[in-house]
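Student: Heads up: the protein sequence lines correspond to chains A and B, in order.
Position one of the first sequence corresponds to residue 1 (my numbering), numbered consecutively onward.
Position one of the second sequence corresponds to residue 1001 (my numbering), numbered consecutively onward.
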Amino acid sequence: MRIFRRHVSDRLAPYIHEARAADQVERHLAKCERCRAEYVQVRAGIEALQRLPLAEAPASIWNSIESVLNAAPAKRSFAPRKIAFAAIAGLMVVGLGYWIVMRSAARWEVDGLGGSPVVGTEHIGRAGRVAAGEWIETDAESRARIQIGDIGSVELAPNTRARVIATRPQDNRIALQHGEIHARISAPPRIFFVDTASATAADLGCEYFLHTDEDGSGLMSVASGWVSFEWNGRESLVPEGASCRTRPRLGPGTPFFEDASDGFKRALDDFDQTSSDAALTAILAKARVRDTLTLWHLLSRVAAGDRGRVYDRIAALTPVPAGVSQEKALKLDPETLRRWKDELAWTW
Amino acid sequence: MVDLSDRQVSTEIIDACRLGDRDAFRALYGLYKDQVYSVALYFFHGDRGIAADITQQVFLKLIGNVRQFRGDSEFSTWLYRLVVNVCLDAARHRKAEPPIAAEAKLESLAGPDSLEQDFARAEAANSVRRAVSALPSKFRMAILLRYFEDLSYEQMARALGCSMGTVASRLSRGHRILAERLKNFEGRRQ
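1) Go to A304/A, then tell me how far its alpha helix (DSSP H) extends in each direction, as first and last residue.
2) So what does DSSP say about I191/A, is it helix, strand or coil?
3) Please determine, among C1162/B, R1176/B and T1011/B, the residue with the shortest C-alpha to C-alpha distance to V42/A.
4) To be precise: take each residue of the stretch 52-71 of chain A, compare its Cβ to all Cβ atoms of chain B, and keep it if any distance is under 9 angstroms. Which residues remain?
5) Please compile the residues from chain A whose C-beta is within a distance smaller than 8 angstroms of the C-beta of G1064/B.
6) Using alpha carbons as the reference points, say which of E109/A, D10/A, A21/A and S224/A lies closest to P319/A.
7) Since N172/A sits in a beta bridge, which residues does DSSP pair it with?
8) Could you pull the start and end residues of the beta strand (DSSP E) that V1036/B belongs to?
9) I'd like the span of the beta strand (DSSP E) that includes W226/A, first residue to last.
10) Identify the residues that DSSP records as bridge partners of G128/A: which are they?
11) Just to confirm the assignment, what range does the beta strand (DSSP E) spanning R234/A have?
12) Just mark E343/A as buried or exposed, buried being the case when its beta carbon has 16 or more other beta carbons within 10 Å.
13) Spell out the partners DSSP gives T212/A in its beta bridges.
14) List, in chain order, every chain B residue whose beta-carbon is nearer than 8 angstroms to that of S224/A.
15) Between the stretch 1036-1070 of chain B and chain A, which residues of the former have CB atoms less than 8 angstroms from a CB of the latter, in chain order?
16) Please indicate yes or no: does the CB of I151/A lie closer than 8 angstroms to some heavy atom of the ligand ZN?
17) Skipping 5 residues on each side, what residues in its chain have a beta carbon closer than 8 angstroms to that of L113/A?
18) Give the secondary structure of H17/A by DSSP, where H, G and I count as helix, E and B as strand, and everything else as coil.
19) For P252/A, which beta-bridge partners are listed by DSSP?
20) Using the beta-carbon of each residue, which ones in chain B are nearer than 8 angstroms to R11/A?
21) Can you tell me which of the three DSSP states R184/A falls into?
22) Could you pull the DSSP bridge partners for Q24/A from this structure?
23) Between the Cα of G133/A and the Cα atoms of D139/A, W108/A and Q147/A, which residue gives the shortest distance?
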């Protein structure tokens, strides 16, 4: 029985906290002395934390926050007889303020990190700004960092050309024509996007690297969080430690973990371009538990007749959770696939 | 453990914050200030100054970006993603804390106004503080989020920007290391 050979060290905290995978963990603990000893330690650590008191935030913090908030211009009161004048003046002020805010919001700050990056047709040196519609380009000697409002930054590697498409609060968007970027975003999901010729990277709260050629051949690698790589209804979910290729006319490929075997990655590369049976056979044979990231995506990408092989391989690598039936999985029932993905993600 | 049931954030509070309502901001701050401050305090080895600065930064960012919060993720997940990012950014920009200074700051947390009424209890709390402080930062942050916020594994995964499996691994290993360190501290005292 394979289940008894696999230690449950990394599942002890979720088992104690939330009784996750209770059957599996308890069956293993009954037979494994090493994991029982670790269980005692994890429980002791959890109990020890009960002695850590919650600290009270000093009142001075809110005072500091209020003084920053109060730094905004104060409102004025007006005498009744001047109401009409005030209304007109107010409208003008609001209009001017709106124009200033919109003008400023439409431009992102750019730091030159070496060499002399170009925004539009001007070399910016150490600092500049870029607006929606403008191009920014680095040569072999230069790099640049764009501050994406206050949600993060995008660093352009040498020999990169990109265009700012949108700088709206709910839609911050860059088109990467060629080269490489390093994006660090801290914001609610789906307000920062990078378009390439063959895919769009939608930020789900993350840090990632994206390289693309002009024809749309590219690779995205995620350093933390998740990125959704999308094109024409095809979506690849890429977590920390994983990468995903994108190709002209094909869009995003199937995501894979960087630490997968070379043979696995070669077979996946082949399958994404040719859908060959030999490549699928090699992928299934070489997959590890963690590679269920790739297999889960393949469920909906292989021919209908091959779904059963993919299902069986995932089921052999990790127990199928309650609520996931083979029949529904093979029919690509969205709720079943989502539930299975959430459970498989424990191993990703 | 903190009970979340009495401080769920209503959509009315969030909507009022979006409109710039200062009272709503204050209510939001009141709901989360101690948890955010405590995570920062123990993450930065008992340094009250940094913890206050982190708390201020987190809430100013929150107030500045609340219009972008669309409600399609839980508020606490978004808030703690901010906490994690601000803490990690601050940690990157700080030099390593000299062990003696960190130790002194941790000891100073057990003041006369704390809940620790007797020496043995204070000693035990100090040992836990030191053990938490000595954890690698990834384990430390996961443990603090779980303990002070009682976030679920899904929420922690989103706040920490990693998979639930990684959260499970960090918490399991972190608690194990914590228990081992506490055993060592107690061994030295005896």
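The C-beta atom is built at its ideal place from N, Cα and C for all residues, glycine as well.
Tutor: Reading from the atomic positions:
1) It is not in any alpha helix (DSSP H) - A304/A carries neither H nor E in the DSSP assignment.
2) coil
3) Measuring from the Cα of V42/A, the nearest candidate turns out to be R1176/B.
4) L52, P53, L54, A55, E56, A57, P58, S60, I61, W62, S64, I65, E66, V68 and L69
5) Neighbours of G1064/B on chain A, chain order: D150.
6) A21/A
7) T167/A and F192/A
8) Counting along the chain, V1036/B falls outside any beta strand (DSSP E), though it belongs to the alpha helix (DSSP H) covering R1022 to F1043.
9) G218 to W231
10) DSSP lists V110/A as the bridge partner or partners of G128/A.
11) R234 to P239
12) buried
13) G179/A and G218/A
14) Chain B residues near S224/A: G1161 and C1162.
15) V1036, Y1037, S1038, L1041, Y1042, R1048, A1051, A1052, T1055, Q1056, F1059, L1060, K1061, I1063, G1064, N1065, R1067, Q1068, F1069 and R1070
16) For the ligand ZN, the structure offers nothing, since it holds no ligand at all.
17) Contacts found: S142, R143, A144, R145 and E155.
18) In the structure shown, H17/A sits in a helix (DSSP, three-state: H, G or I).
19) T246/A
20) A1168 and S1172
21) In the three-state DSSP reduction, R184/A falls in the strand class (E or B).
22) According to DSSP, which records beta bridges pairwise, Q24/A is partnered with nothing at all.
23) W108/A
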